[in-house]
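>
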Amino acid sequence: MTTMTVRDAAAVSPLTPRPRRRRRRGGDHAGPVAYVLLVVTSFLFLAPFYYMIVAASRPMSEMNQFPPPLTPGGGLWRNILSAWDAQPLGLAIWNSLLVSSIITVATVLFCTLSGYAFAKQQFAGKKALFAVTVGTMMIPPTLGIVPLYQVMAALDLTGKLSAVVLPSLVTAFGVFFMRQYLIQTLPDELIEAARVDGATSLRTVWSIVLPIARPGMAVLAMLTFMAAWNDFFWPVIALVSSNPTVQVALKNLGSGYVPDQAIIMAGTLVGTLPVVVVFVLLGRQIVSGIMAGAVKG
Amino acid sequence: MAVDTPPRASRTDVAVGHAPRSEPPLGLRSRLFRLEAKAAPYLYISPFFLLFVAFGLFPLVWTAWISLNDFKLGTPMVFVGLENYRWLFASPEFYNSLWRTITIGILSTVPQLMLALGLAHLLNYQMVVRNFFRISMLMPYATSVAASTLVFAQLFGRDNGFFNWVLSWVGIDAVDWRNGDLTAQIAIAVIVTWRWTGYNALIYLAGMQSISQDLYEAAALDGASKWQQFRHVTLPGLRPTILFTVVVSTIGATQLFGEPLLFGNGQANGGALGQYQTLGLFMYQQGWDYFELGRAATIAWVTFVLVVGLVLLNTGIARWRTRDRKAVR
């Protein structure tokens, strides 16, 4: 349902006023113990990805040996093709791309506009409306699932991708995130100057707010895309197995009574790869994006 | 940016200037111009509120009504009053899933947040390749519930699983993770912890970096050891951050659904004995396996009340635990 879980709100949580951050000039350097601990934990965090590749590249019979093999075999392609036969993976990837892209574009657009209004404009009821917005982040997404399903059934949308897209077009987290971003980066004087020059509000948004908001929008876009791609609960309920997203297809792949582990892992690898590629390419920006809201007080 | 105060608004009006209020006949153009400026903010926030009312608020309220009805998928609703609640509180499955939700929640949240705190402390050091460490710790966050559970389900396999192989080095016999009571819960807690520890560590790291360095210097001058500095400077400074992660993890723990579903090969019973049946899974089972949507709505409401209670309890505990006795800040 909500593609952005309430967890993500933590990214911008500690916004209570606090002393300005001081640059750590001569902060402590890590000792050998710290390095060892970090290397070990990094290994623990990354090892399952490696295991995924190993298990996806060997037939099930080899994975069933004890001890389990620790190096990749040569059967990756064959396993991927089998997974492709077991579940409509091509359709699932296409569906996920479509759903995630629409959600991302809409969320970034709507959240930037709302964030701008809450950050920089005066209007009656602003405080109350913003409090409501933040408050909605605390509502567990499962609470409204049954009626949401009813709504979608009444609209004849169950099983269709629009049932997944519609409830996720905007998130309270995104509104909050963009508000914080614009408070930090958009000078009031620019908006006032535009108004003196006779620019309408929409014109101001188009030529001043959006260009300045772009880095924040990029971070929100990455987080939204990842969350939408990985969304599980609502798509599993709303979609049918003949028209799945990647996560629904993976769930179906893993639901057999005698599951073929090699095929499951091959499918998992295919379904995980797009997000991991995005993550490896843009990891630094995602890391700083998650930290940004929290650091800026 | 402390300009965001009411006086500024009037200053803007003066600055706009070309139509002082005393001058009565405003041209249509400038009246439209003003109207547009007044209406624009509402236009900007309307998508959020329209979508929220349709797909957030309405379902939320309607859930309460459904919970008072006997409602099977495809049949009309029949009002039954509190019958669903009576059924729920008489159901052993409910108490089982309630208990499992709490134990799995504790098993995953407590180690997760403690590890995250320690990791954040390590990541806060100056070092080479710190970006590599940060990114690798966030990698699990990029993985879906489905992918991570399917991988760990194999790692926790009884006859050929990787973890049992490692345990065999120290002479521990093969553990039947899935069918054991506590072991299945530990396995699920490990999956949750793996996915969310790095994320929480980054949140803590951001909080740590905003604590003023002066406080550490002052504490060091007073002869405080590293551990004392951690306890009396870092922990109080992180208090809002810790409170938030506690709230958020508590909500996350009560929503657990994908992990137990896929750990059980897609069966919604949460294991042969319901040993990892969570409230989220129980709700799904009633609603979409048995088509008892009225009962599912009832479970949703009871879960919500439980979440609110747990959040209040946990924030109380976290507040008490991070209270700074010497009031450094």
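In order, the protein sequence lines correspond to chains Z and A.
Heads up: the first sequence begins at 625 in the working numbering, then just goes up one per residue.
Heads up: the second sequence begins at 1144 in the working numbering, then just goes up one per residue.
Backbone N, C-alpha and C define an ideal beta-carbon position, used for all residues, glycine too.
1) Is there a Cβ from chain Z that is less than 9 Å from the Cβ of Val-1376/A?
2) Indicate whether the contact test is met: 3 or more Cβ pairs, each with one atom in the segment 1189-1204 of chain A and one in the segment 1417-1424 of chain A, closer than 8 Å.
3) Using a beta-carbon distance below 9 Å, is Gln-1418/A in contact with chain Z?
4) Excluding five sequence neighbours on each side, which residues of the same chain lie with their C-beta closer than 6 Å to the C-beta of Gly-1401/A?
5) Measuring only the C-alpha atoms, how far is Leu-1453/A from Gln-774/Z?
6) Would you say Asp-1302/A faces chain Z, with C-beta separation under 9 Å as the test?
7) Between Ala-845/Z and chain A, is any beta-carbon pair separated by less than 9 Å?
8) Would you kindly work out how many angstroms separate the C-alpha atoms of Asp-780/Z and Phe-857/Z, rounded to a whole number?
9) Using a cut-off of 9 Å between C-beta atoms, extract the partners of Pro-791/Z located in chain A.
10) Quick check on the DSSP output: the alpha helix (DSSP H) that includes Thr-1421/A runs from which residue to which?
11) Could you confirm whether any beta carbon from chain A is found closer than 9 Å to the beta carbon of Gly-907/Z?
12) Could you work out which residue in Ile-807/Z, Val-788/Z and Ala-796/Z is closest to Gln-871/Z when comparing CA atoms only?
13) Using the beta-carbon of each residue, which ones in chain Z are nearer than 7 Å to Phe-1237/A?
14) Just reading off the alpha helix (DSSP H) that Asp-1316/A is part of, what are its end residues?
15) Leaving out the 5 sequence neighbours to the left and right, which residues in its chain are closer than 6 Å to Val-1389/A when beta-carbon positions are compared?
16) Quick check on the burial criterion: 16 or more other C-beta atoms within 10 angstroms. Buried or exposed for Pro-1202/A?
17) Could you please tell me which residues of the segment 773-789 of chain Z, in chain order, have their CB closer than 9 Å to any CB of chain A?
18) Name the chain Z residues that come within less than 9 Å of Thr-1397/A, Cβ to Cβ?
19) Please determine if the segment 1277-1292 of chain A and the segment 851-866 of chain Z are in contact, where contact requires at least 3 C-beta pairs separated by less than 8 Å.
20) Roughly how far, in whole angstroms, is the beta-carbon of Thr-1244/A from the beta-carbon of Leu-1405/A, given that I think they are within contact range, below 8 Å?
21) Which one or two residues does DSSP pair with Glu-1435/A in a beta bridge?
22) Nearest-angstrom Cα distance between Val-660/Z and Tyr-1268/A?
23) From the beta carbon of Tyr-805/Z, is the nearest beta carbon of chain A less than 9 Å away?
24) Let me see if you follow: with CB-CB separation under 9 Å, is Arg-1464/A close to chain Z or not?
25) What's the C-alpha gap between Ala-716/Z and Val-1294/A?
26) What's the call for Phe-800/Z, buried or exposed, on a 16-neighbour Cβ count within 10 Å?
27) With a cut-off of 8 Å on the beta carbons, I'd call Ala-852/Z and Val-723/Z a contact; round off their distance for me.
28) What are the uninterrupted segments assigned as alpha helix (DSSP H) that are 4 or more residues long and contained completely in the segment 713-787 of chain Z, given in chain order?
29) Taking its Cβ as the centre, do 16 or more other Cβ atoms sit within 10 Å of Pro-1283/A, making it buried, or is it exposed?
30) Measuring straight from C-alpha to C-alpha, what distance separates Arg-645/Z and Ser-825/Z?
31) Take Ile-726/Z and list the residues in its own chain whose beta-carbon comes closer than 6 Å to its own, dropping the five residues that flank it on each side.
32) Is the shortest distance between the beta-carbon of Ala-1289/A and the beta-carbons of chain Z less than 9 Å?
33) So Ala-976/Z and Pro-683/Z are in contact, right, with Cβ under 8 Å, and what is the actual spacing, rounded?
34) What residues match up with Gln-1371/A in a beta bridge as DSSP calls it?
35) Please list, in chain order, the chain A residues whose beta carbon lies closer than 7 Å to that of Lys-875/Z.
36) Comparing the C-beta of Arg-702/Z with each C-beta of chain A, is any distance below 9 Å?
With the given structure in hand:
1) no
2) no
3) no
4) Val-1288
5) 29 Å
6) yes
7) no
8) 20 Å
9) Leu-1194, Ala-1197, Phe-1198, Gly-1199 and Pro-1202
10) Taken as a continuous stretch (DSSP letters only), Thr-1421/A belongs to no alpha helix (DSSP H), as it is neither H nor E.
11) yes
12) Val-788/Z
13) The contacting residues do not exist; Phe-1237/A stays about 15 Å from chain Z at best.
14) Per DSSP, Asp-1316/A belongs to no alpha helix (DSSP H) and is neither H nor E.
15) Asn-1457 and Ala-1461
16) buried
17) Tyr-773, Gln-774, Val-775 and Ala-777
18) Pro-764 and Thr-766
19) yes
20) Rounded, the Cβ-Cβ distance is 17 Å, inconsistent with contact.
21) Lys-1215/A
22) 13 Å
23) no
24) no
25) 20 Å
26) buried
27) 6 Å
28) 713-744, 750-760 and 769-778
29) buried
30) At Arg-645/Z, the pLDDT of 47 sits below 50, so the modelled position is not reliable; the number obtained from the coordinates is stated separately. Distance between the alpha carbons of Arg-645/Z and Ser-825/Z: 34 Å.
31) Val-789
32) yes
33) Residue 976/Z lies beyond the stretch modelled for chain Z, which goes from 625 to 921, so this question has no answer here.
34) Answer is none; Gln-1371/A lacks a bridge partner.
35) Ala-1289, Leu-1405 and Gly-1409
36) no
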